[in-house]
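Which chain is which? The protein sequence lines are U and P, in order. First residue of the first sequence? That's 906 in the numbering used here, and the numbers climb one at a time after it. First residue of the second sequence? That's 906 in the numbering used here, and the numbers climb one at a time after it.
2 protein chains.
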Amino acid sequence: MEETPIEGRFAEGRRRAIIENVRPAVDGGRFAVKRIVGESVLITADAFADGHDALRCQLLLRAPGAAGWHRQEMHHLGNDAWRTECSLHEVGRYEFAIEAWVDPFQSWLQDLRKRIEAGQQVAIDLQIGAIQIAEAVQRAVGDDLRHLRAWHAALVGPGAVRKLQGSGFDDLGELMAGYPDLQHATRSEVHAILADPPRAQFSSWYELFPRSTSPEPSRHGTFRDVIARLPYVASMGFDVLYLPPIHPIGAAFRKGKDNSDTAEPGEPGSPWAIGAADGGHTAIHKELGTIDDFRALVKAAQELGIDLALDIAFQCSPDHPYAQEHPSWFKARPDGTIQYAENPPKKYQDIYPFDFSSHDWRGLWRELKRVVEYWCEQGVRIFRVDNPHTKPFAFWEWMITEVKRQFPETIFLSEAFTRPKVMYRLAKLGFSQSYTYFSWRNQKKELIEYFSELSDPDRQNYFRPNLWPNTPDILPEHLQIGGPAAFKARLVLAATLGANYGIYGPAFERMEHRPAKAGSEEYLHSEKYELRHWNLDSPDSLRDFISAVNRTRREQRALQADRNLVFHDTDNEHLLCYSKRSDDHSSRVLVVVNLNYHAEQHGFIALNGPGLGINVNRDFQLRDMLSGESFTWSQPRNYVELDPHAGKSAHVFVVTPR
Amino acid sequence: MEETPIEGRFAEGRRRAIIENVRPAVDGGRFAVKRIVGESVLITADAFADGHDALRCQLLLRAPGAAGWHRQEMHHLGNDAWRTECSLHEVGRYEFAIEAWVDPFQSWLQDLRKRIEAGQQVAIDLQIGAIQIAEAVQRAVGDDLRHLRAWHAALVGPGAVRKLQGSGFDDLGELMAGYPDLQHATRSEVHAILADPPRAQFSSWYELFPRSTSPEPSRHGTFRDVIARLPYVASMGFDVLYLPPIHPIGAAFRKGKDNSDTAEPGEPGSPWAIGAADGGHTAIHKELGTIDDFRALVKAAQELGIDLALDIAFQCSPDHPYAQEHPSWFKARPDGTIQYAENPPKKYQDIYPFDFSSHDWRGLWRELKRVVEYWCEQGVRIFRVDNPHTKPFAFWEWMITEVKRQFPETIFLSEAFTRPKVMYRLAKLGFSQSYTYFSWRNQKKELIEYFSELSDPDRQNYFRPNLWPNTPDILPEHLQIGGPAAFKARLVLAATLGANYGIYGPAFERMEHRPAKAGSEEYLHSEKYELRHWNLDSPDSLRDFISAVNRTRREQRALQADRNLVFHDTDNEHLLCYSKRSDDHSSRVLVVVNLNYHAEQHGFIALNGPGLGINVNRDFQLRDMLSGESFTWSQPRNYVELDPHAGKSAHVFVVTPR
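Structure follows, in structure tokens:
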């Protein structure tokens, strides 16, 4: 008979247990699941075997940097589903697998009990059990070894049945459970869980241009000026301060004010045109200060509970040292020049993109990783990454994984405003947070649809939205024309729909709303191309409003997560109503926003009691954290009115059952 | 600088395309998707790359036994989703993968057109294109090679722009598309599609005990008697004739009538106690005839359009030759005897289960595969597998894959009445059809719930239900007490809810309903333990009723699929209403069943027009294939009444728009 080879997946044909449907998982385990240090993770799987033998199922968990697996028993929920929970005590990459195996001893023990109860002869059965105990003796240690030997002696000797009856069955079963034969155990693929620092899940960002922070209108701002600005930022309740690129700015093809093609002498250029004779991505623009000033800024911010976030923009000005030192990292044109950025027929001659397809792609990857590591070494742990969707996915996955191996608490924010699947892929491969389409979702229907998609638990396993009402690149139309009501409503939406959000200031709190031209989302006198001086003490600043919102975010755990979002019906198309509650039920926030910035709106909201987590047919209290007013409601249907002309664009209610 | 290794998944860092979400797929591609030969399969995937370069995406398809991949272009649907269709021309295992890559030439060509339109200088751009054409020249052949050389000459010479304008852009683009640079293409995992024979998806089974087919009441039936019975089976419209095991029956611990522990002399024993001195799983029970008689039966059946199905029951009587020749394939007890089957405290000493965990598990696997191949060599292509869930999953996956490699048209029916995940796993790993819980789903609510689960398109990618109102092991309670109405209703349900169904006859058509004892699903005088003589010509046989149902199944393509099931509301909890329609819209069947076997039921059904696939607000015709009556309806809400006392338990309407 010709022998058919039994190989590959079948080489271990005696593995009888099947493991399926391991959760949580992103793309079947291809990517790590994102969680926060300190959280408890529910892990489930389906596991079963042929026949009727008892099945055992364990979670194998490896903490960051641990050498071996920690085993913990999973519990059978019925219908072949198993579960356990594990706690993430350290920041870093956890790994887990599920192991399952058939345990013939437990089946034997169960059967033996039935045989004895039925009064059958069990002499041979006792011998069968004794053989298995003898095998376990080879694996056992200490007291257990002694006890197993005693059991073995009992089973081959007289009086075995007497010893088993009473608690003997359970004692022996428990003892043997500690020394299973794992020779033919089935192990699932290894899955990963990223235990990120809490700020990856809950953060309030403030973006400013350091060069605009000088108290003297005409002087270039410095890191020292930023240090002086920190109390202002902290007073509003922000905990991440994000700076556009701080590196030397190229002179070649420098852009002038309002993005003009030529800069007048003395114009500062765009911080994203990185690199000059002074250096590139690891150098500091001289006018901002020194590396020591920078370190002082990092430290001063930390003392106020603020993490500094840097901009990672992997592109070069023609003056960048790389252009001389590593011409192979750029595309050469047939005339020997370097290929500049283009969107034909438009040319962006001030920017050289990297060529990730060059023969020295490995050298480029290593150098770019070194750039990030350099800033990590200066104490930076948060990076906002510019246009990651224009560089290869594989590079980001490798770079982020490598950097987090050394600096596990690092947070990367993806600035990819592109197609949804591309944005989701960047999140899956490792970006901790992601910009979203929030800026362009204005209507009630589109907000509900988009945030239902983002808060889906499967999505939340990898995608953490970071919502921005404005950025230096995006002054949305509604802020141009909506007045203070628009600024307030959009701030409340960002800060309560998203656990992570940010504003570009002082443009935001000073309600800068003038576009470069009609139909554009660019700012007039954009700080991308010139220094600005902001009057922070103006009475019409939103500073106090923002402070109130951020205070509520810090006090209410409900607002520190994304997966807990529930929408409630209203009978007015301009009134959006939603709530969040914390897992521990200690915090419950209900938000109503008037999406019409020009007119009073009123109507009834129909509360979804289970969603809100309280009995809405009994008295419950609502305290509006914006107005300070309190209400008592006692039914699901409740009247609300919000009048922007009276300064009211939203309610942010803390809800407590009476 | 220390060099970080860039390896594993990152070793090919220049692969820029990402491929996700390849469909159809079972468990992410781990298992083959099941289809039928002749079908067209829609294949979709998400594919995208970083940046803005043009992406190409192709399906790579390998027909059964083909050496290489056939490539076909996929079409972009927008939102990074791609699709194509492929036809399955042969029975067997197809493989496919998706390949995607960035095509810089197409991006270049598109950009060039914009530059020329904007009146820009393009001399250097033409050189960039020429370099890419020169590379493609290395890959091109025949006329294309000549044309590409001409294009290269044109681009480096004068007059290039003139040659491009008009149709030149498209001509060059199309030409170059045929010779892409696939060096850094991304290829998905390889997925499999099983193109099964049509009978895997649509079959009508009839099970009988050959030993009960003798026209003389006391004589043991033979294969020759079965041949004489074939016209009867064919006349009812069945196309699969399934025989319980036909092998020598063991004498040791033989069971007597009604499953008594001891057989009287002359009692035939259970056909599932396989193996005696005469042989085992490849031998034939002498009283049935010879291997030549068997081959004659296979042939005679085929001439009537009937496939013979054999029972594969991998277990042995103590008299099986394996017990002597391969004691290592069984579990030995410490006293040297072989371990018989048990469900403590019950003992089944007439059955030795195989030990799939023995050191010679490979030898056992090979031998069991040889058994199946032996019967394939005798012309058998359908196997009903007894209790597959008590043998290792890996064995079945290997065995079925190997047998189908040699005999791709083979169909395996899984007789696993066990937990749902186990049943589904057996289907995933290769069983073509599966027994279900149908026998125990009686109420309207539970039928809707269960068949919604089974007809789900993702489930249908691997699970093909085969519905049995009765089997030799299962005489459900409703058949014991429901009278002819129950038999008719259950037959209609099985034959119209399932594209595959079967009955155990003549017990079914003769409405055998006596249980072995109260509360049991075993038949009194079960054919498993004794010969029976059936009067086929009795006037109260359901033969004609069954014939009418099977005729409708053959005529109506709608009834030949499972994924097209739609339920319609009724206002009577005993009236179940559903429809199916064929993909080509040529056939549409609406079924109403009275689930109360004891009383007339009437009520209104509310037709779901889109589900039925016609405009239900205009006249449409219904012809009842059971009663011959015709109706015209012209609205969604319609009255029906079904009176079992008048012989009416169901409508099987063929629906045609007027």
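Even for Gly, the Cβ is constructed at its ideal location relative to N, Cα and C.
Straight-line gap, residue i to residue j (C-alpha atoms, nearest Å)
i: M906(P); j: R1116(U); result: Because M906(P) carries a pLDDT of 49, less than 50, the predicted location of this residue cannot be relied on, and the following value inherits that uncertainty. In a straight line, the C-alpha of M906(P) is about 33 Å away from that of R1116(U).
i: T1195(U); j: D1529(U); result: 46 Å
i: N1613(U); j: L1527(U); result: Any property of residue 1613(U) remains undetermined from this structure, which presents chain U solely from 906 to 1563.
i: G1552(P); j: A1205(P); result: 36 Å
i: P1226(U); j: Q1348(U); result: 47 Å
i: D1198(P); j: P1541(P); result: 56 Å
i: R1051(P); j: T1091(P); result: 29 Å
i: F915(U); j: F1300(P); result: 8 Å
i: D1016(P); j: Y1253(U); result: 15 Å
i: G1047(U); j: K1296(P); result: 37 Å
i: P1258(U); j: K1236(U); result: 8 Å
i: N1248(P); j: G1034(U); result: 17 Å
i: P1572(U); j: S1532(U); result: Here chain U comprises residues numbered 906 to 1563, so residue 1572(U) is not present and cannot be evaluated.
i: T1127(U); j: P1176(U); result: 14 Å
Beta-bridge partners of residue i, as assigned by DSSP
i: C1221(U); result: Y1257(U)
i: V1559(U); result: V1494(U) and R1528(U)
i: T989(P); result: I948(P)
i: Q977(U); result: L964(U)
i: N1543(U); result: I1510(U)
i: W1110(P); result: V1145(P) and G1407(P)
i: L1099(P); result: K939(P) and R998(P)
Alpha helix (DSSP H) segment containing residue i, residue limits
i: G1073(U); result: G1073 to A1082
i: R1267(U); result: W1266 to E1282
i: L1318(U); result: Note, L1318(U): premise wrong, no alpha helix (DSSP H); beta strand (DSSP E) at I1316 to E1320.
i: L1331(P); result: P1325 to L1334
i: F1235(U); result: Run containing F1235(U): none; DSSP gives neither H nor E here.
i: V1340(U); result: What sits at residue 1340(U) in the sequence shown is Tyr, not Val. First-last for Y1340(U): undefined, no H or E at that position.
i: W1538(U); result: Here W1538(U) belongs to no alpha helix (DSSP H); instead the beta strand (DSSP E) covers S1535 to W1538.
i: K1349(P); result: K1349 to S1360
Boundaries (first-last residue) of the beta strand (DSSP E) holding residue i
i: A1206(U); result: Counting along the chain, A1206(U) falls outside any beta strand (DSSP E), though it belongs to the alpha helix (DSSP H) covering I1196 to E1208.
i: N1455(P); result: Note, N1455(P): premise wrong, no beta strand (DSSP E); alpha helix (DSSP H) at R1448 to E1460.
i: H981(U); result: H980 to G983
i: K939(P); result: V938 to I941
i: V1007(U); result: G997 to V1007
Heavy atom of the ligand COA within 6 Å of residue i beta-carbon
i: A1421(P); result: The ligand COA is absent from the structure shown, which contains no ligands of any kind.
Three or more C-beta pairs below 8 Å linking the segment 1160-1170 of chain P and the segment 1217-1237 of chain P = no
Three or more beta-carbon pairs under 8 Å between the segment 1371-1378 of chain U and the segment 1404-1411 of chain U, yes or no?
-> yes
Does the segment 1241-1259 of chain P come close enough to the segment 1276-1291 of chain P that 3 or more CB-CB pairs lie under 8 Å?
-> no
Does the segment 1091-1111 of chain U come within contact of the segment 1170-1185 of chain U, defined as at least 3 CB pairs closer than 8 Å?
-> no
Check whether the segment 967-981 of chain P touches the segment 1029-1045 of chain P, taking contact to mean three or more Cβ pairs, one atom from each stretch, closer than 8 Å.
-> no
Just by C-beta distance, which residues in the segment 1022-1050 of chain U are closer than 8 Å to chain P?
-> E1022, A1023, Q1025, I1029, Q1032, I1033 and I1036
Residues of the segment 1309-1325 of chain U with a CB closer than 8 Å to any CB of chain P: list them in chain order, please.
-> R1324 and P1325
Please list the residues of the segment 1224-1250 of chain P that have a C-beta atom closer than 8 Å to any C-beta atom in chain U, keeping them in chain order.
-> R1238, P1239, D1240, E1247, N1248, P1249 and P1250
Between the segment 976-1007 of chain U and chain P, which residues of the former have CB atoms less than 8 Å from a CB of the latter, in chain order?
-> N984 and D985
Contact between the segment 994-1011 of chain U and the segment 948-959 of chain U: three or more CB pairs below 8 Å?
-> yes
Contact residues within the segment 952-968 of chain U, judged by C-beta distance below 7 Å to chain P = F953, D955 and G956
Using a Cβ cut-off of 7 Å, which residues of the segment 1290-1302 of chain P contact any Cβ in chain U, in chain order?
-> H1294, T1295, K1296, P1297, F1298, A1299 and F1300
So does the segment 989-1005 of chain U actually touch the segment 1326-1337 of chain P, counting three or more Cβ pairs closer than 8 Å?
-> no
Output, in sequence order along the chain, the residues in the segment 1256-1272 of chain P whose CB is closer than 8 Å to any CB in chain U.
-> F1261, S1262, W1266, R1267, W1270 and R1271
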